[in-house]
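Student:
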Amino acid sequence: MAAPKNYRKRGRLVLLCVLMGTLWEIGRGQIHYSVPEESDKGSFVGNISKDLNLESQELAKHGVRIISRGRTQLFALNRKTGSLLTAGRIDREELCAQSTQCLVNINILAEGRGKLFGIEVEITDINDNNPKFQTENLEMKINEIAAPGTRYPLPEAVDPDVGMNSLQSYQLSPSHHFSLDVQTGDDRTLHPELVLEQALDREEEAAHHLVLIASDGGEPRRSSTVHIHVTVLDTNDNAPVFALPIYRVQVPENVPPGTRLLTVSASDPDEGANGEVAYRFWKISEKQSPLFQLNENTGEISTAESLDYEECAFYEMEIQAEDVGALLGRTKVLISVEDVNDNRPEVIITSLFSPVLENTLPGTVVAFLNVHDRDSGKNGQVVCNTPPNLPFQLEKSIDNYYRLVTYNYLDREKISMYNITVMASDLGTPSLSTETHITLYVADINDNPPTFPHVSYSAYIPENNPRGASVFTVMAHDPDSGKNAQVTYSVTEDIIMGSPLSSYVSINSDTGILYALCSFDYEHIQDLQLLVTASDGGDPSLSSNVSLILFVLDQNDNTPEILYPTFPTDGSTGVELAPRSAEPGYLVTKVVAVDRDSGQNAWLAYRLLKASEPGLFAVGLHTGEVRTARALLDRDALKQSLVVAVQDHGQPPLSATVTLTVAVADSIPDVLADLGSIGTPADPDDADLTLYLVVAVAAVSCVFLAFVIVLLALRLRRWHASRVLQASGGGLVGVPASHFVGVDGVRAFLQTYSHEVSLTADSRKSHVIFPQPNYVDTLISLESCEKNDSLLTSVDFRQCKDEAASVQETPRKMSHNRCFLGVVISN
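Here the working numbering is used: position 522 in the sequence shown is 517, and no number is missing along the way.
#1: Looking at chain C, is there any beta carbon in it that lies within less than 9 Å of the beta carbon of V351?
#2: Determine the DSSP secondary structure at I704, reduced to helix, strand or coil.
#3: Hey, which unbroken runs of the beta strand (DSSP E) at 3 residues or more fall wholly within the region 87 to 144?
#4: Excluding five sequence neighbours on each side, which residues of the same chain lie with their C-beta closer than 8 Å to the C-beta of S428?
#5: Relative to the alpha-carbon of V332, which residue among L356, A471, T298, T326 has its alpha-carbon at the smallest distance?
#6: On a Cα-Cα basis, can you pick out the residue from N124, H186, K409 that is closest to E214?
#7: Which two residues bound the contiguous beta strand (DSSP E) that contains D176?
#8: In the DSSP output, which residue or residues are listed as bridge partners for T897?
#9: Look up C697 in the DSSP assignment and say whether it is helix, strand or coil.
#10: Check whether the Cβ of Y310 sits closer than 8 Å to any heavy atom of the ligand ZN, and report yes or no.
#11: How is the beta strand (DSSP E) around I43 delimited, first residue to last?
#12: Please confirm if the region 513 to 527 is in contact with the region 540 to 549, defined as three or more CB-CB distances below 8 Å between the two stretches.
#13: Have a look at S78 and Y397 and give me their C-alpha separation to the nearest angstrom.
#14: Which stretch, first to last residue, makes up the beta strand (DSSP E) that contains K278?
#15: Should Y402 be labelled buried (16 or more other beta-carbon atoms within 10 Å of its own) or exposed?
#16: Can you tell me which of the three DSSP states S650 falls into?
#17: Give me the residue from V614, G594, G580 with the minimum Cα distance to L831.
#18: Using the rule of at least 16 other Cβ atoms within 10 Å of the residue's Cβ for burial, across every protein chain shown, is C97 buried or exposed?
#19: For G358, does the count of other Cβ atoms within 10 angstroms reach 16, so buried, or fall short, so exposed?
#20: Give a yes or no on whether the C-beta atoms belonging to S219 and P148 are separated by under 9 Å.
#21: Grab the span of the alpha helix (DSSP H) containing A55 for me, first residue to last.
#22: Does the beta-carbon distance from Y455 to L347 come in below 9 Å?
#23: Report all residues from its chain with a CB closer than 8 Å to the CB of E139; omit the five preceding and five following residues, and keep chain order.
#24: Need the endpoints of the beta strand (DSSP E) that Y559 sits in, please.
#25: If I measure Cβ to Cβ from A606 and keep anything under 8 Å in the same chain, skipping five residues before and after, which residues do I get?
#26: Following the continuous beta strand (DSSP E) through D522, name the residue where it begins and the one where it ends.
#27: Determine the closest residue to T362 out of F387, V378, E353, with distance taken between C-alpha atoms.
#28: Can you tell me whether E142 is buried or exposed? The criterion is at least 16 other CB atoms within 10 Å of its CB, across all chains shown.
#29: Under the three-state reduction of DSSP, which class applies to Q388: helix, strand or coil?
#30: Going straight from the alpha carbon of L709 to that of A693, what length do you get?
#31: So Y601 is in the beta strand (DSSP E); what residue range does that whole segment cover?
#32: Specify the secondary structure class of S161 as computed by DSSP and reduced to three states.
#33: Using the three-state DSSP reduction, which class does P474 fall into: helix, strand or coil?
#34: Going by alpha carbons, who is nearest to P448 out of A471, D442, N460, Y436?
#35: Would you identify the three-state DSSP class for P457, choosing helix, strand or coil?
#36: Cα-Cα, which of I330, T293, C379 is closest to P241?
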């Protein structure tokens, strides 16, 4: 149980220390100065910089200035010297009336420090006012039967000064019948009275002239006088008497002019004219006199003008009743004005720190407000508040000042300007309120990177584009403002196919437009992958990236390329064979072509453009296969020339042509004989083709003979083969070398056509049999043919066909291998 007690004692000690510190700060924050009234404008009051511990050059830096409630500024601040000066001549009596001490409170705001300092300036009195009577001449009537010692009140002088500068004494001019007696009231005011020293005799002296002098105690002494004319009257032995010595009344300040407040009544027991009483104000201030009016006959007191509690809450006056015999009676009237809630609170923005950065910490002061209500009591108590949906709150400061502070972080991108409504309401019934609107702007900081609308982009550009063409536009948005929202674009450098990316494209750093720096070739590059960076102009700069794929669109810029048949390069002539026994639809050869373009630009169509024998051959539209359209006749020429066109489906379409030579014969000797008997054709192209065929046959024959000799040398055990060879050589004596058809120089095509060949020696005539071709989607390998030992006796074309079936290649990567056709004649 001891520990909790110790904790409580410690807690109370901490609270006491905090309270003492707060009281010390409050006392320390109050600065006191004094200055005489009526000082010249610019008179020195105090050294603000010294008392606030600020150098004079720091006053402007910290935003030190005077803020005070009121319509007239009494003081000014010299920023160069740090001195507090008078802003004009100050009249103490106008500010504080008869108050003993006249204090003026002002506040000094140091915006740089966010602090308020209270300053109290005492206005000291100087003797600048004379005692003043309400009238310069006073008529008095005294009955001659008045007994010595009778006292008659005299008018009092008013001196607005205070202390020794106020009214101090009265003097009466010398007289044998009258003397002066001055009474001091409870409030230490002086009341002069005229005392009758000797009995009057109207017949001896009907009037007396006296002078009353009122003097203050200032230096130099000031005074004023009133001339008293005393008329001696005949006997009137009863003076009017008021029903009450003091009349009191309370009246609300909002009564309209002409409202009856009260009625005073005095009675005179005399009869006739001596009992008639007249009422008039005897003692009333100059400021109060216009506010009230008195009915001389009835004693009714009413308001002549509107009352204002804030101007004066209490009025005191004296009423005198006088009969015709100049006998007097006096009473005092006290009027208390009740406050009415007729003034709305006043809210003055003394300081506003706008704009405020959006990263300002909670608790930062953004404005100082002064709140005041001229009413009193609950009517003058003001409560301030702000709307709950704003990140601001009001905190009470010193006096009637409030601080508007932030209690949450601000975000300019959500709200860039706040229209803050401060509601000030008093506690009166009914309550009055005032709305004050504060416009606060939020300054931007670079807290948002640029953002792209999409995660990635794709763009398309046709190949063969002109250099510098606009390709695509990227755009990023930055919600910040000013430089923080100025977006610049760049492309991250990369290596594409051995070249820097900057050699392909560039981007406008301001607009985000992407330009092509080169003309793209779809066959070389199909797409580019870019990384675009958007950076703002803040410090530090923020950025974001987005990927962009640039697709190159194909155009029909490549003509079809014919792979087979190709143009000979060794001087030989390519010839396709077709037997005369071929039926309609017989596959003679196939035109193979490719197009480097893609899509429909690479879709190829084949057609027969020209033929030496129209209607004999037909070309497959999509396959390029050359087939017989009808049966071959004896009248058909041995050599047929075909021109095949290959065209793509681009816009506009591109095409290529190839010329095919087809030899028509039932057997090889027929082929050789027919080739030898072919004369010079009328067509120059046919003549050239014949020349190429003769050269090719001669070359093949030479190679064939060399190959036979090598076989004889290697295989001596086949002596009988030499006889056969000699016999066959004898059989072919006289046959021109040009009659041997050589296939050297004819390139293999995609579909290889192999033929089975058998030779017989019946009637010393060799026959060539052409069965239906076998279509194999491969190329014949030259090595497989050359390494087959069976070539020592005969050539089996089926073995070449079987090996060719094991090799498959694409049209774009054809292997141009050669397979030689060897013919051996056996018995």
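Glycine included, each C-beta is placed from N, C-alpha and C at the ideal position.
Tutor: Based on what the coordinates show:
#1: In summary, chain C is missing from the structure at hand, where a single protein chain is found.
#2: helix
#3: 98 to 105, 110 to 119, 132 to 138
#4: R339, P340, M418, A419, S420, D421
#5: T298
#6: N124
#7: 173 to 179
#8: Coverage of the chain is limited to positions -4 through 822, which leaves residue 897 absent and any answer about it impossible.
#9: helix
#10: The model depicted lacks the ligand ZN and carries no ligand whatsoever.
#11: First-last for I43: 43 to 46, but that is the alpha helix (DSSP H), not the beta strand (DSSP E).
#12: yes
#13: 27 Å
#14: 272 to 278
#15: exposed
#16: strand
#17: In the structure displayed, the chain extends from -4 to 822; residue 831 sits before or after that span and is not available.
#18: buried
#19: exposed
#20: no
#21: 53 to 56
#22: no
#23: A194, L195, D196, R197, V227, L228, D229, T230
#24: 556 to 559
#25: F612, Q635, S636, L637, V638
#26: 522 to 530
#27: According to the sequence shown, residue 362 is Ala rather than Thr. Per the Cα distances, F387.
#28: At residue 142 the sequence reads Ala, which differs from the Glu that was named. Classification for A142: exposed.
#29: strand
#30: 25 Å
#31: 599 to 606
#32: coil
#33: coil
#34: A471
#35: strand
#36: It is worth fixing the name first, because residue 241 is Ile in this sequence and not Pro. Per the Cα distances, I330.
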